[in-house]
Amino acid sequence: MKTVLFYFSATGNSLKVARDLADELGEVKVLPMTKAMILPLDEKYEALGIVYPVYMFGLPLIVAEFLRKFIFEPRSYIFSVATLGGLPGRAHTLAQGILKNRDLELSAGFSVLMPGNYTPLYGAIPQERQQKMFREEKQRVRDIAGFIKERKRGIIEEKPFLINFLLYKLLYQAGSRRIPRADEGFWVKDTCTKCGICEKICPVENIKMVKGKPQWLHYCQHCMACLQWCPVEAIQYKKSTQGKKRYHHPDIIAEDIMGQ
Ligand SMILES: Cc1cc2nc3c(=O)[nH]c(=O)nc-3n(C[C@H](O)[C@H](O)[C@H](O)COP(=O)(O)O)c2cc1C
62 MKTVLFYFSA TGNSLKVARD LADELGEVKV LPMTKAMILP LDEKYEALGI VYPVYMFGLP
122 LIVAEFLRKF IFEPRSYIFS VATLGGLPGR AHTLAQGILK NRDLELSAGF SVLMPGNYTP
182 LYGAIPQERQ QKMFREEKQR VRDIAGFIKE RKRGIIEEKP FLINFLLYKL LYQAGSRRIP
242 RADEGFWVKD TCTKCGICEK ICPVENIKMV KGKPQWLHYC QHCMACLQWC PVEAIQYKKS
302 TQGKKRYHHP DIIAEDIMGQ
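Following our numbering, the numbering of the sequence shown begins with 62 at its first residue and continues without gaps.
Below, the structure is given as structure tokens:
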């Protein structure tokens with residue numbers, strides 16, 4: 062194994078990018094971040110990448126935790142690949158800062174545009190636009206693989222810097238502490254069939270079925286996996302998700318996300 066890729070993904074974009082990148086790079090292991098948190102890898106690697114979605118113009122809390130806890134191979138080439146619906150904010154810079162505190166270096170940070178999945182603000186974009194993005198993703202991943210093979214350093218894709226900085230300050234810095242309890246806003250319609258998919262698909266085991274209905278346990282990542290993968294769209298967030306089109310990457314199935 063030359064490279065290891067750790068992913069976190071709720072609707073499959075980041076998992077798809079991780080898999081495509083693995084195909085381009087060769088000799089890669091793709092592993093879920095959630096399980097690897099406290100375990101050192103038993104195999105040596107030259108390069109380690111993290112692939113994840115941007116949340117609120119910053120890092121998902123679990124990704125930050127991974128970077129704080131994972132036992133990294135000394136002197137390895139570490140890179141960050143963020144998938145995002147619009148703007149990366151300061152996700153890579155945050156990753157860089159956490160690693161720096163551990164005397165480690167983030168060698169490069171790449172951003173890949175994918176369909177957005179934040180249903181409280183917008184529904185899934187039309188199929189044709191999704192397909193166009195998927196075609197562009199393929200080329201983008203090829204380019205990124207080229208940089209990684211060359212062990213390029215110093216690339217941090219966070220343009221335009223000022224807007225990303227301001228949005229990060231406004232949303233992530235001010236609000237990320239409240240994310241774990243943001244699950245108080247989820248509720249379930251009577252159409253819930255008690256199938257339990259939400260419990261199984263939550264990447265951080267934040268959902269427990271109680272009398273056939275999901276209960277959220279307040280260590281949420283706000284990733285929307287429960288809402289997006291509910292087969293009858295019974296899960297809602299506050300008053301803002303009813304009637305909005307759900308999203309997941311067409312090449313990724315629920316079992317893939319459950320595998321985290
Ligand atoms: C809570 C939340 C916050 C998000 N914030 C941002 C953001 O700040 N900027 C952005 O471009 N996309 C944002 N998105 C969209 C996701 O980053 C994007 O759709 C990503 O590719 C989803 O990856 P996944 O399918 O692997 O979960 C957000 C999505 C969620 C659920």
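Note that CB positions come from ideal geometry on N, CA and C, so glycine has one too. From a predicted model like this one, the values you see are computed outputs, not experimental measurements.
Curious, which full-length alpha helix (DSSP H) runs of at least 4 residues does the stretch 109-171 contain?
122-130 and 152-162
Using only the heavy atoms of ligand 1, determine whether one of them is closer than 7 Å to the beta carbon of N225.
no
Given this structure, state the Cα-to-Cα distance separating A125 from M319, to the nearest angstrom.
21 Å
Do you know how far the Cα of E260 is from the Cα of T252?
17 Å
Less than 8 Å between the C-beta atoms of A71 and C256, yes or no?
no
Other residues of its chain near K230: CB distance less than 8 Å, five sequence neighbours each side excluded:
none
Using 7 Å as the cut-off, classify the Cβ of M194 as near or not near the heavy atoms of ligand 1, replying yes or no.
no
With distance defined between alpha-carbon atoms, name the residue in A315, G119, D84 and A295 nearest to G158.
G119
Confirm the yes/no value for this check: CB of L76, any heavy atom of ligand 1, distance under 7 Å.
yes
Span separating the alpha-carbon of R163 from that of R129:
8 Å
Which first and last residues belong to the beta strand (DSSP E) in which V249 is found?
F247 to V249
Completely contained beta strand (DSSP E) runs for the stretch 285-316, where each covers 3 or more residues:
296-298
Is the stretch 62-70 touching the stretch 235-252, taking contact as three or more C-beta pairs under 8 Å?
no
Exposed or buried, Q321, counting other C-beta atoms within 10 Å across all chains shown (16 or more means buried)?
buried
Using only the heavy atoms of ligand 1, determine whether one of them is closer than 7 Å to the beta carbon of A97.
no
Between the Cα of A206 and those of L122, A235 and G110, spot the shortest distance and give me the residue it belongs to.
G110
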